[in-house]
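>
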DNA sequence: ATAATCGTTGCAATCGAGTTGCACTAAAAG
DNA sequence: CTTTTAGTGCAACTCGATTGCAACGATTAT
């Protein structure tokens, strides 16, 4: 596992106190985190600072965002080597019971063939259901 | 093409004035519509009435909703025979230029194999890029 | 036919995630 | 050390979504 500092260096994002703690938090969670999740976890860091940090991270492909339909955008650290290209697509799983969102790196995304003259840029693919913990 | 009245009857949703015009509007559009789209199109119908109508339609599987990442949930009439089961899944295409959302009924959805003990209920799959009209 | 009941509608108010302006502070450049 | 630039915290605001409530309409019971 890379350290926060290493990741920021690789992605050419200046290291600051807020950025380090936000990234550390994201790395420490196995589920994608919402702004509110992060805000709650980092009690003394301002919401707007976290918000702008997430925007910076996303622009620099440190993290990717997921619209899981919960009404809150969630964020997860990109896998090593990810460029957020269509080739880096992966499914996400949203548990309708516990509201948690997982990255499904192991579930292959098929080759998406769009209609004539459509251009693929990116995708947001969320599969919903019950996670193993809630499916009992 | 079925009439509004026929669809509502089949889906066991009572027919009212607002429901008829909302459904008629949805049927008349080839792109998925947001609450605001519908509100603008139906000048004399209240937003909350449309909102509740859409909720009713969704519960009764008259329409399905799409979170395309634009910040506004969009709605489209279900295809004939659709039960909003996983088997009825289809991709959606969101044009990042004109902000329109299309249902891609012709793009096959692969068999989704989830991790052990996860249960699939539904999905929201949005592919983003440029539509044929904007890709020039 | 009239009264009671229940779902639907319109209006206004509210909620909450996201976003921005601004002043202040810290870091980088000169 | 001084100047410039970037980052942070606070407060206010935006806007889509949602709800409380009263009025209305249709349906059912009396």
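Residue numbers (this note's numbering), protein chains in the order written: chain A, 1 to 136; chain B, 137 to 272. Beta carbons: idealized from backbone N, C-alpha and C, even for Gly.
(1) Give me the chain B residues within the contact set of residue 117/A, using Cβ-Cβ distance strictly less than 9 Å, ordered along the chain.
(2) Specify the secondary structure class of residue 40/A as computed by DSSP and reduced to three states.
(3) By the three-class DSSP mapping on this structure, what secondary structure does residue 6/A have?
(4) I'd like to check one pair, residue 121/A with residue 207/B: are the Cβ atoms closer than 7 Å?
(5) Is there at least one Cβ from chain B nearer than 7 Å to residue 155/A's Cβ?
(6) Please classify residue 44/A as buried or exposed, where buried requires at least 16 other C-beta atoms within 10 Å of its C-beta.
(7) To the nearest angstrom, how far is it from the Cα of residue 116/A to the Cα of residue 255/B?
(8) At 8 Å on the CB atoms, spell out the chain A contacts of residue 174/B, in chain order.
(9) Closest to residue 244/B by C-alpha separation, out of 74/A, 108/A, 106/A, 112/A, would be which residue?
(10) Looking at the secondary structure, which residues open and close the beta strand (DSSP E) in which residue 101/A lies?
(11) From the DSSP output, in three-state form, read off residue 119/A for me.
(12) For residue 135/A, tell me which candidate among 106/A, 102/A, 95/A has the shortest Cα-Cα distance.
(13) Check the Cβ-Cβ distances between residue 207/B and every residue of chain A, and say whether any is below 7 Å.
(14) Would you mind reading off the limits of the beta strand (DSSP E) that contains residue 191/B?
(15) Does residue 92/A come out as helix, strand or coil in the three-state DSSP assignment?
(16) So, under 8 Å CB-CB, residue 204/B and residue 210/B are touching, yes? Tell me the CB distance rounded to an integer number of Å.
(17) State the Cα-Cα distance for the pair residue 199/B and residue 242/B, rounded to the nearest angstrom.
(18) In three-state DSSP terms, what is residue 126/A?
(19) Taking DSSP's pairing of strands, which residues face residue 33/A in a bridge?
(20) Could you give the distance in angstroms between the alpha-carbon of residue 163/B and the alpha-carbon of residue 151/B?
(21) Could you tell me which residues DSSP pairs with residue 201/B in its beta bridges?
(22) Mind pulling the chain B residues with CB within less than 7 Å of residue 67/A?
(23) Measure the CB-CB distance between residue 275/B and residue 154/B and report whether it falls below 7 Å.
(24) With a threshold of 8 Å on Cβ separation, who are the neighbours of residue 158/B within its own chain once the five nearest residues in sequence on each side are excluded?
(25) Identify each residue in the region 215-231 of chain B for which the Cβ-Cβ distance to at least one residue of chain A is less than 7 Å, and report them in chain order.
(26) Please tell me whether residue 112/A has its Cβ less than 7 Å away from any Cβ of chain B.
(27) Would you please verify whether the beta carbon of residue 8/A is less than 7 Å from any beta carbon of chain B?
By the coordinates alone:
(1) 266, 267, 268, 269, 271, 272
(2) helix
(3) helix
(4) no
(5) With chain A represented from 1 up to 136, any question about residue 155/A goes unanswered, as that position is not in the structure.
(6) Residue 44/A is classed as exposed because its beta carbon has fewer than 16 other beta carbons within 10 Å across all chains shown.
(7) 35 Å
(8) Simply none; closest approach about 20 Å.
(9) The shortest Cα separation from residue 244/B among 74/A, 108/A, 106/A, 112/A belongs to 112/A.
(10) 101-104
(11) strand
(12) 95/A
(13) no
(14) Taken as a continuous stretch (DSSP letters only), residue 191/B belongs to no beta strand (DSSP E), being part of the alpha helix (DSSP H) at 183-195.
(15) strand
(16) 6 Å
(17) 18 Å
(18) Note: residue 126/A maps to strand in three-state DSSP.
(19) Residue 33/A has 75/A as its beta-bridge partners, per DSSP.
(20) 16 Å
(21) 211/B
(22) 203, 205
(23) What the structure shows of chain B is the stretch from 137 to 272, and residue 275/B is not part of that stretch, so it cannot be assessed.
(24) 174, 178, 181, 186, 189, 190, 193
(25) 229
(26) yes
(27) no
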